[in-house]
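Worksheet: one structure, shown below.
Chains as they are written, first to last, in this note's numbering: chain A, 28 to 519; chain B, 6 to 524.
This is the structure in structure tokens:
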């Protein structure tokens with residue numbers, strides 16, 4: 028008779044609700060009539076995300092004190108709950124964006140099922156409290172994303188993206204797993220806080236095996252967060268994947284990878300702080316430099332946004348490298364508008380793609396704002412948000428992150444961030460320039476014919492992203508309070 | 006209502022902008038925007054009547070403070086000190102005339118256009134009203150958004166290059182300022198401008214000073230200026246040179262002077278030198294410029310140099326003169342840009358080689374251009390003369406060399422303004438001037454006359470501003486920093502000047518303005 032640990036189902040409920048929705052979607056793929064399949068699966072998936080949002084809020088509300096559950100393998104705390112809120116919110120927006128995406132009828136049910144499953148895995152991952160659950164959660168959502176990238180099997184680019192992501196993502200997971208094994212070998216522990224205790228108790232701070240293990244874990248997480256120099260897959264995969272999936276990956280994957288990196292580093296490796304803050308600061312600088320420089324020369328918008336997402340990983344890594352309470356809060360705050368505008372921006376690209384029937388470049392965005400103001404003006408606010416202009420949450424996020432770095436006496440990181448922001452202006456404003464200032468007639472773009480399709484769900488998702496982006500600026504106090512209570516969970 | 010006046014002045018135009026964007030007002034957008042802008046001017050005049058220029062407490066007028074997010078000590082804190090109130094007045098008046106001009110010309114896509122103009126008004130007034138460092142930065146940056154779009158969408162053929170240059174230059178400065186804002190605020194545990202004490206950090210001072218030097222612009226950071234002023238539509242150019250540049254003057258006075266008195270003093274000669282170089286260089290370029298806008302653009306560079314000299318004179322004569330001259334220059338360059346727009350509409354060119362002889366049969370145009378030009382070149386009796394006189398008198402006390410160099414700039418101003426006037430109005434009619442080109446229309450007059458009227462009123466009574474640009478009571482923090490102990494030496498230099506002039510009435514007023522408050 029194997030003794031099973033008691034399971035706190037309530038704490039796991041955000042994942043479970045999303046999983047339940049995924050199960051129904053899968054069943055409907057088989058059972059539902061064809062005409063009903065698309066609306067039904069999308070509705071159930073959206074319902075799952077709403078349920079996930081509700082349950083995550085309940086867990087947040089009911090967990091004033093952090094605790095470890097299920098044999099100390101999973102943590103129930105507000106830090107995870109806030110990250111789950113971001114993931115579920117991203118998922119919900121993605122459903123709206125995906126609804127009118129061109130997709131083979133026979134894969135619709137599976138698509139939504141995989142989306143919900145991926146979100147469930149992410150929700151599980153941010154609760155991870157030992158290296159086993161960490162790896163489990165990571166693979167859980169990664170496998171779903173590999174398939175989602177390749178789901179449009181008619182498109183060569185999509186298949187290629189899926190394959191690239193599979194191989195490089197598998198490589199990243201392997202590195203992470205190897206690193207976990209080394210850490211276990213050195214400390215004899217799997218739990219995050221036990222690793223810290225063992226390191227302190229056995230005076231392992233100088234242990235080379237632990238050091239190598241830590242380095243490999245950071246590298247593995249950097250793969251997922253698409254931080255340079257582990258970003259090589261990002262532009263190709265982001266470009267090849269179906270655009271709504273790209274948006275989801277940019278928002279949610281980055282969220283969980285960074286949130287988890289913060290938790291792991293602060294809880295498990297406080298003794299090695301001197302090493303990993305420098306390593307993370309290096310990753311941040313590399314991502315900022317590489318992401319921004321490469322984005323400068325892009326003409327295809329999806330690829331440009333992919334490089335921009337690398338540079339944003341760099342900004343958020345500054346918050347991790349600060350290793351203080353303000354940094355943790357800054358990271359969580361930054362993720363809220365960032366997730367919203369990532370999905371929103373890719374949604375607009377998706378809409379334009381469908382309208383034109385070809386890859387969206389800076390050239391064929393010309394005049395977009397005037398043709399489709401309901402999508403064009405939001406895109407303008409997204410670009411200003413990415414660039415960190417005031418009146419967007421992006422500005423406040425950058426302000427908080429730079430403050431955190433300054434508080435940690437890392438003013439040089441502030442200067443690096445400022446320089447990177449300046450570089451990034453060039454290409455974000457290039458998108459705005461293309462949409463606003465270049466008349467479509469100038470480029471001789473032939474209209475596809477007829478008025479563009481009305482996409483109510485996509486437009487509402489985009490407008491919701493605008494509301495989050497601008498709302499995060501004005502209503503910063505409640506969000507900052509939320510992130511403070513969440514970040515206080517960590518031993519900072 | 007009094008307590009809310011600053012907030013109303015900031016958010017009324019923004020509310021108007023949101024209204025225009027949200028509702029399908031169509032072509033009514035222009036008239037609605039004009040209405041909002043006029044109401045805004047009305048509120049400013051109302052505030053003027055309630056303004057207490059003899060305030061004894063350290064808080065600004067219409068002080069209002071609400072915590073925004075408490076952890077880092079950021080608050081929504083607004084209010085007006087005397088000098089910033091005048092700058093805000095300049096802003097609302099020039100914005101109103103710019104909106105009126107845009108309305109009269111009939112810009113395409115009126116909802117976007119007028120909404121952005123109102124948004125810009127909010128941001129500019131916000132800059133002059135903010136008493137919290139982060140809030141200041143936010144408004145300062147928020148100005149960029151509408152400006153970028155306004156130049157880029159409604160500008161001339163070279164607008165795309167102009168916007169890139171403009172944005173990269175100004176953002177390079179302001180992002181450095183963001184770093185300085187963060188470090189300063191965290192070191193003081195508060196971003197409030199009224200409560201925090203001064204700092205001695207040279208680096209932080211430079212972070213702010215560079216941002217303002219780009220915005221003003223000061224030599225050698227003026228690379229964006231000619232393109233931006235040439236390529237934007239006339240009313241946006243009017244706002245850029247008339248109003249936006251004054252945000253830099255506000256920053257120099259309120260932040261560089263108010264928060265970094267030590268480094269301000271250390272770098273004084275460097276910045277004075279740059280300002281003088283800018284003054285002379287800008288004047289020479291203005292003299293050589295081939296078109297109307299070029300003259301006004303480079304004369305702005307020169308005038309901003311002169312105003313900066315006044316600020317860095319570090320005494321109340323210089324600073325009062327700088328404030329007065331800021332208002333003068335704002336009104337003058339706005340009028341000139343709008344006149345340039347009117348001329349370009351008639352001739353479709355601004356090149357002097359193709360213009361000329363426009364005075365014949367167009368008396369109103371000639372009168373307006375002549376009046377503004379004469380005020381701009383600072384003939385004695387004009388408000389610009391009063392402002393420049395105060396600036397030079399102020400800087401004289403810290404070194405006569407600076408005053409000599411500044412006076413050279415004024416001579417050069419006469420050269421380029423007279424060249425502009427004669428090239429447009431006199432000589433034989435140019436090839437681009439059709440016989441049928443109309444005189445100024447009543448609507449154009451309605452836009453320009455208030456601006457010129459303000460200038461004439463200030464010429465009669467410059468002390469209205471220069472005498473009320475600094476709080477007269479001694480215990481306000483701004484004042485203590487604005488009046489360093491060394492200013493006593495300034496007083497003797499006024500005496501001979503006073504006796505050597507023939508225009509007794511005005512000089513009495515000016516000297517009255519320069520009357521030093523006792524610290």
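The beta carbon of each residue, even a glycine, is placed where N, CA and C say it ideally should be.
Using 8 Å as the limit for Cβ to Cβ distance, is residue i near chain A?
i              : result
residue 367(B) : no
residue 158(B) : yes
residue 240(B) : no
residue 324(B) : no
residue 77(B)  : yes
residue 502(B) : The pLDDT assigned to residue 502(B) is 35, lower than 50, so where the model puts this residue is not dependable; a value taken from the coordinates is nonetheless given after this. No, no contact with chain A.
residue 181(B) : yes
residue 173(B) : yes
What residues from chain A crowd round residue i, counting only those whose CB sits closer than 7 Å?
i              : result
residue 176(B) : 449, 452
residue 143(B) : 417
residue 191(B) : 430, 433, 434
Report the residue from the options whose alpha carbon sits nearest the alpha carbon of residue i.
i              : options                        : result
residue 358(A) : 111(A), 424(A), 78(A), 203(A)  : 424(A)
residue 97(A)  : 31(A), 148(A), 124(A)          : 31(A)
residue 448(A) : 460(A), 435(A), 416(A)         : 416(A)
residue 449(B) : 340(B), 188(B), 284(B), 313(B) : 340(B)
residue 225(B) : 234(B), 215(B), 232(B), 233(B) : 215(B)
residue 434(A) : 445(A), 350(A), 370(A), 183(A) : 350(A)
residue 354(B) : 436(B), 34(B), 257(B)          : 436(B)
residue 387(A) : 266(A), 283(A), 497(A), 514(A) : 266(A)
residue 345(B) : 373(B), 386(B), 463(B)         : 373(B)
residue 37(A)  : 457(A), 459(A), 101(A)         : 101(A)
residue 331(B) : 366(B), 249(B), 171(B), 262(B) : 249(B)
residue 212(A) : 200(A), 175(A), 158(A), 378(A) : 158(A)
residue 252(A) : 152(A), 281(A), 231(A), 241(A) : 281(A)
residue 145(A) : 161(A), 125(A), 172(A), 402(A) : 172(A)
residue 49(B)  : 35(B), 63(B), 13(B)            : 13(B)
Within 8 Å (strictly less), CB to CB, does residue i reach chain B?
i              : result
residue 464(A) : yes
residue 434(A) : yes
residue 499(A) : no
residue 154(A) : no
residue 76(A)  : no
residue 359(A) : no
residue 91(A)  : no
residue 81(A)  : no
residue 401(A) : no
Need the endpoints of the beta strand (DSSP E) that residue i sits in, please.
i              : result
residue 126(A) : First-last for residue 126(A): undefined, no H or E at that position.
residue 67(B)  : 66–74
residue 481(A) : Note, residue 481(A): premise wrong, no beta strand (DSSP E); not H, not E.
With respect to the alpha helix (DSSP H) encompassing residue i, which residues constitute its N-terminal and C-terminal limits?
i              : result
residue 189(A) : 183–214
residue 339(A) : 328–349
residue 331(B) : 321–352
residue 84(B)  : From DSSP, residue 84(B) is part of no alpha helix (DSSP H) but of the beta strand (DSSP E) over 79–85.
residue 304(B) : 297–316
Residues of chain A with a CB under 9 Å from the CB of residue i: which are they?
i              : result
residue 165(B) : 460, 464, 465
Starting from the beta carbon of residue i, find every residue of chain B whose beta carbon is closer than 8 Å, and list them in chain order.
i              : result
residue 442(A) : 184
residue 503(A) : 73, 74
residue 438(A) : 184, 188
Comparing the C-beta of residue i with each C-beta of chain D, is any distance below 8 Å?
i              : result
residue 111(B) : Looking at the structure shown, chain D is missing, and the protein chains on hand are A and B.
Give the residues of chain A in contact with residue i, contact being defined as C-beta atoms less than 8 Å apart.
i              : result
residue 3(B)   : For residue 3(B) there is no data in the structure shown, the boundaries of chain B being 6 and 524.
residue 349(B) : Correct list: empty, because the minimum Cβ distance to chain A is about 21 Å.
residue 146(B) : 416, 417, 422
- Query: Counting Cβ pairs closer than 8 Å, one from the segment 282–291 of chain B and one from the segment 397–408 of chain B, do we hit at least three?
  - Reply: Short answer: they don't touch.
- Item | contact_flag[the segment 135–147 of chain A, the segment 50–66 of chain A] where n(CB pairs < 8 Å) is 3 or more | The segment 135–147 of chain A is in contact with the segment 50–66 of chain A.
- Are the segment 235–242 of chain B and the segment 194–212 of chain B touching by the rule of at least three beta carbon pairs closer than 8 Å? No: fewer than three Cβ pairs fall under 8 Å.
- Task: Could you tell me whether the segment 135–143 of chain B touches the segment 398–411 of chain A, where touching means 3 or more Cβ pairs closer than 8 Å?
- Result: As far as the Cβ criterion goes, the segment 135–143 of chain B does not touch the segment 398–411 of chain A, which means the pair count is below three.
- Three or more C-beta pairs below 8 Å linking the segment 177–186 of chain A and the segment 257–275 of chain A: The segment 177–186 of chain A is in contact with the segment 257–275 of chain A.
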